[in-house]
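A.B. asks: When we follow this note's numbering, the leftmost residue of the sequence shown carries the number 93, and every step to the right adds one.
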Amino acid sequence: MAISHGRKLYFNIASTPSGGATLNLSTFTQEVSGLPGDQDLGDVTVAGNVGHVSYPGLQNTTFTTKMLFDDGASASWAVLGAFQSLQQTYPTVPWAVQYGPRGSTAAYPLITCSCWIKSIAIPAKVTDPNFMNVSWTVTGSTGVTVGVVT
93 MAISHGRKLY FNIASTPSGG ATLNLSTFTQ EVSGLPGDQD LGDVTVAGNV
143 GHVSYPGLQN TTFTTKMLFD DGASASWAVL GAFQSLQQTY PTVPWAVQYG
193 PRGSTAAYPL ITCSCWIKSI AIPAKVTDPN FMNVSWTVTG STGVTVGVVT
């Protein structure tokens, strides 16, 4: 087993929810939490069972990212800040996300999904740098896919 460190995490998205060029936001990303995520479990318990019996259902994944707030060109706020106006045009293609917890080297784990941004919060504290907390909801027929970087 190879132990890894989060300092090499890879977080890449499409530049708009309708596709477009991909942007590597790794240099702004401090934390990714919640991937690969949850799956609904249906209760299929019947008479005669001595305990609950579950059956896997749909993926039900939400995750968060914590990013440095940067409003420079192609930076975190420049890309994600207009999410409400972009998503309110009712695009048919959600944001494409790629996340490599170990980095982007070939054969490293890679988690991919299509998702919508649910919210962005920008707390400010006098003694700290500004960060953005982004909440994502996975959508689509493919859900979350776990593979490797090629």
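We put the beta carbon where it would ideally sit given N, CA and C, even for glycine. Only a predicted model underlies this, so the values are computations on that prediction, with no experimental measurement involved.
(1) CA-CA distance, Tyr-182 and Ser-206?
(2) Measuring CA to CA, which of Lys-100, Val-241, Trp-208 and Val-240 is closest to Ala-106?
(3) Would you be able to state if there are at least three C-beta pairs under 8 Å between the segment 121-129 and the segment 224-240?
(4) Are three or more beta carbon pairs between the segment 190-197 and the segment 214-228 nearer than 8 Å?
(5) Can you round the beta-carbon distance between Leu-117 and Ser-168 to whole angstroms, since I take them to be within the 8 Å contact cut?
(6) Are the Cβ atoms of Phe-120 and Leu-160 separated by less than 7 Å?
(7) May I ask you to report which of helix, strand or coil DSSP gives Leu-160?
(8) Quick check on the DSSP output: what are the complete beta strand (DSSP E) runs of length 3 or more inside the segment 179-240, in order along the chain?
(9) Under a Cβ-count criterion, where at least 16 other Cβ atoms within 10 Å of its own Cβ denotes burial, should Gln-190 be classed as buried or exposed?
(10) For the beta strand (DSSP E) that Leu-127 lies in, which residues bound it at each end?
(11) Near Val-136, which residues of its chain fall below 8 Å by C-beta distance, leaving aside the five closest residues on each side in sequence?
(12) Assuming Gly-149 and Leu-133 make a contact with CB atoms under 8 Å, what is their CB distance in whole Å?
(13) Measuring straight from C-alpha to C-alpha, what distance separates Lys-158 and Ala-139?
(14) Measuring only the C-alpha atoms, how far is Gly-235 from Gln-151?
(15) Between Glu-123, Val-226, Gly-164 and Val-171, which has its C-alpha nearest Thr-114's C-alpha?
C.D. replies: Straight from the coordinates:
(1) What you label residue 182 is simply residue 90 of the sequence shown in a count that begins at 1. What you label residue 206 is simply residue 114 of the sequence shown in a count that begins at 1. Their backbone Cα atoms lie some 15 Å apart in a straight line.
(2) For the purposes of this step, residue 106 is identified with residue 14 of the sequence shown, where counting begins at 1. The residue with the shortest Cα to Cα distance from Ala-106 is Trp-208.
(3) In short, these stretches touch, since the Cβ pair count reaches three.
(4) Inter-segment contact for the segment 190-197 and the segment 214-228 is absent: fewer than three beta-carbon pairs are separated by less than 8 Å.
(5) Residue 117 sits at position 25 when you count from the first residue of the sequence shown. Residue 168 sits at position 76 when you count from the first residue of the sequence shown. Taking the Cβ atoms as the reference, Leu-117 lies roughly 6 Å from Ser-168, within the contact range of under 8 Å.
(6) Looking up residue 120 in the sequence shown gives position 28. Looking up residue 160 in the sequence shown gives position 68. Cβ distance < 7 Å, so Phe-120 and Leu-160 count as in contact.
(7) Numbered from its first residue, the sequence shown carries residue 160 at position 68. DSSP places Leu-160 in strand when its eight states are reduced to three.
(8) Taking only runs of at least 3 residues, the beta strand (DSSP E) segments lying wholly in the segment 179-240 are 187-192, 201-213, 223-231 and 237-240.
(9) The count along the sequence shown starts at 1 and reaches residue 190 at position 98. The residue is buried, with at least 16 neighbouring Cβ atoms inside 10 Å.
(10) Numbered from 1 along the sequence shown, position 35 holds the residue referred to as residue 127. Run containing Leu-127: none; DSSP gives neither H nor E here.
(11) Taking the sequence shown and counting its residues from 1, the one referred to as residue 136 is at position 44. Within the same chain, Val-136 has close Cβ partners Val-145, Ser-146 and Tyr-147.
(12) Here residue 149 refers to the residue found at position 57 when the sequence shown is read from its first residue. Here residue 133 refers to the residue found at position 41 when the sequence shown is read from its first residue. About 6 Å separates the Cβ atoms of Gly-149 and Leu-133, confirming a contact at the 8 Å cut-off.
(13) Taking the first residue of the sequence shown as 1, we reach residue 158 at position 66. Taking the first residue of the sequence shown as 1, we reach residue 139 at position 47. Looking at the two C-alpha atoms, the distance is approximately 46 Å.
(14) Position 143 of the sequence shown, counting from 1, holds the residue named residue 235. Position 59 of the sequence shown, counting from 1, holds the residue named residue 151. Taken atom to atom, the span from the alpha-carbon of Gly-235 to that of Gln-151 is near 7 Å.
(15) On the sequence shown, position 22 is the one that residue 114 refers to. Ranked by Cα distance from Thr-114, the first of Glu-123, Val-226, Gly-164 and Val-171 is Val-171.
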